[in-house]
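In what follows, a structure is listed as structure tokens, so that the remarks can point back to it.
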Amino acid sequence: MSDREVTHETLMRYLDGELPPEERRAVEARAEHSTELRRELTLYRALHEDLAGLSFDRRTARESVWGQVNRRLARPIGWLLLAAGTVAWLVYAVYTFVSSEAPPWEKLGTGAVVIGILILLASVIYERYREILTDPYRHVER
Amino acid sequence: MQPEVERELVRKCRAGDTKFYEPIVRAYEPQGLRLALGMMGNSDDARDALQEAFVKAFQSLGRFDTTKAFGPWFFQILRNQCRDLLRRRKSRFQVEVVGDGLLDGRRDTGPRSAERSRSRGEAQRLLWRGLETLQPEQREVIVLKELQGLRYQEIASILEIPEGTVASRLYHARRALKDALDALGATYP
Chain H
2 MSDREVTHET LMRYLDGELP PEERRAVEAR AEHSTELRRE LTLYRALHED
52 LAGLSFDRRT ARESVWGQVN RRLARPIGWL LLAAGTVAWL VYAVYTFVSS
102 EAPPWEKLGT GAVVIGILIL LASVIYERYR EILTDPYRHV ER
Chain Y
249 MQPEVERELV RKCRAGDTKF YEPIVRAYEP QGLRLALGMM GNSDDARDAL
299 QEAFVKAFQS LGRFDTTKAF GPWFFQILRN QCRDLLRRRK SRFQVEVVGD
349 GLLDGRRDTG PRSAERSRSR GEAQRLLWRG LETLQPEQRE VIVLKELQGL
399 RYQEIASILE IPEGTVASRL YHARRALKDA LDALGATYP
């Protein structure tokens, strides 16, 4: 290596301790005869030292993200349990209502009210979903 | 964390038990935070990216090769998360990370410590400003090498590029950083 230029890649590998001993010695031998190479080595070493001393605001590390991560991971289980429980209760309620001895007009009236509410709820949710898809400000955060 | 302990924890997490994920999160959080801060430049975005990356990693554990270390795989997810966040929010690297205290707890309490702290703070602010001017791919290679202290092989696996490209990208990134610092009035040899 001593009789040709030290490439950028070799220079970086040398500085970062990624060269085998033989190639390291070759770079050092080359540096002894090249002012330009010595200047480059000094520059990158200075940069490396400054970057190694770079610090962050200690407030950043004050609180672990584990709490938020755990909540996010537990949320699907919560939704699943909520959905399963709601379905079970609804099935039981419908069965109790249908098998009750209430007069047919009462069953029809109550059934219409419940179905009406469900249809309205579903249409509002669908409308909101369509709005979200075309909302130009959906990525804007507070 | 011992590799066999980590493997066992990952195996239990794969079964869906989140409580075994906590030691993994706590073990990789400091390094992950440094990477995210270096990539994003401010603590709010860095914490968002870190949190999202841990959630994604947990959800993708089924695809994780347990014969390998969790760290490089996780940092790859985190790096992609930081890039996505920068792209999606159309935000940019924004320096807000330098404060009066140091993350690693090295506090200067000797004589004339206030003066030294002030000049060190100025130097750090200048460095962060320099990093701010770099392209994201230049900044990430600097962060992985200088702030994380990773080997070329590890950086190559995180960035999914050959080791030779890591070296050449580092050269151009350091060169660009030096030019930026020159423009900001810092004196380098």
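As given, the protein sequences belong to chains H and Y, one line each in that order.
Taking the numbering used here, the leading residue of the first sequence gets 2, the next gets one more, and so forth.
Taking the numbering used here, the leading residue of the second sequence gets 249, the next gets one more, and so forth.
Yeah, the Cβ is synthetic: ideal placement off N, Cα and C, and Gly gets one too.
All figures in this text were calculated on a predicted structure; none of them were measured in a lab.
For Thr36 (chain H), count neighbouring C-beta atoms within 10 Å of its own C-beta (all shown protein chains included) and say buried if the count is 16 or more, exposed if not. exposed
Supposed close pair Gly378 (chain Y), Leu334 (chain Y) - CB separation, criterion 8 Å: With 8 Å as the limit, Gly378 (chain Y) and Leu334 (chain Y) do not qualify as a contact, their Cβ atoms being about 18 Å apart.
Interface residues of chain H facing Tyr400 (chain Y) [CB-CB closer than 8 Å]: Arg14, Asp17, Glu19
Could you tell me which of Y:Glu388, Y:Arg255, Y:Gln386 sits nearest to Gly319 (chain Y), measuring between CA atoms? Y:Arg255
Under 8 Å from the C-beta of Glu10 (chain H): neighbouring residues of chain A: Among the protein chains of the structure shown, namely H and Y, there is no chain A.
Which residues in the same chain as Glu270 (chain Y) place their Cβ atom closer than 6 Å to its Cβ, once the five residues preceding and following it in sequence are excluded? none
Below 8 Å CB to CB, which residues in the same chain sit around His49 (chain H) once its five sequence neighbours on both sides are set aside? Leu16
Do Leu74 (chain H) and Phe312 (chain Y) have their C-beta atoms closer together than 8 Å? no
Contact check, Arg387 (chain Y) vs Met287 (chain Y) under 8 Å by CB: the rounded distance? 7 Å
Ignore the nearest five residues each way along the sequence and tell me which others in Leu429 (chain Y)'s own chain have a CB closer than 8 Å to its CB. Leu374, Leu375, Gly378, Tyr436
I need the DSSP call for Ser416 (chain Y), collapsed to helix, strand or coil. helix
Once DSSP output is grouped into helix, strand and coil, what is the label at Pro104 (chain H)? coil
Residues of chain H with a CB under 8 Å from the CB of Leu333 (chain Y): which are they? Chain H residues near Leu333 (chain Y): none, gap ~11 Å exceeds 8 Å.
Should Val70 (chain H) be listed as close to the ligand COA, given that the test is whether its C-beta is under 7 Å from any heavy atom? What this structure holds is no ligand at all, so the ligand COA is not there to describe.
Cα separation between Gly18 (chain H) and Asp265 (chain Y)? 41 Å
Using a beta-carbon distance below 8 Å, is Arg262 (chain Y) in contact with chain H? no
Closer than 8 Å at the beta carbon, the chain Y residues around Val70 (chain H): Tyr269, Val273, Gln299, Phe302, Val303, Phe306
Starting from the C-beta of Gly280 (chain Y), find all residues in its chain whose C-beta is less than 6 Å away, skip the five residues before and the five after it, and write them out in chain order. Leu298, Leu326
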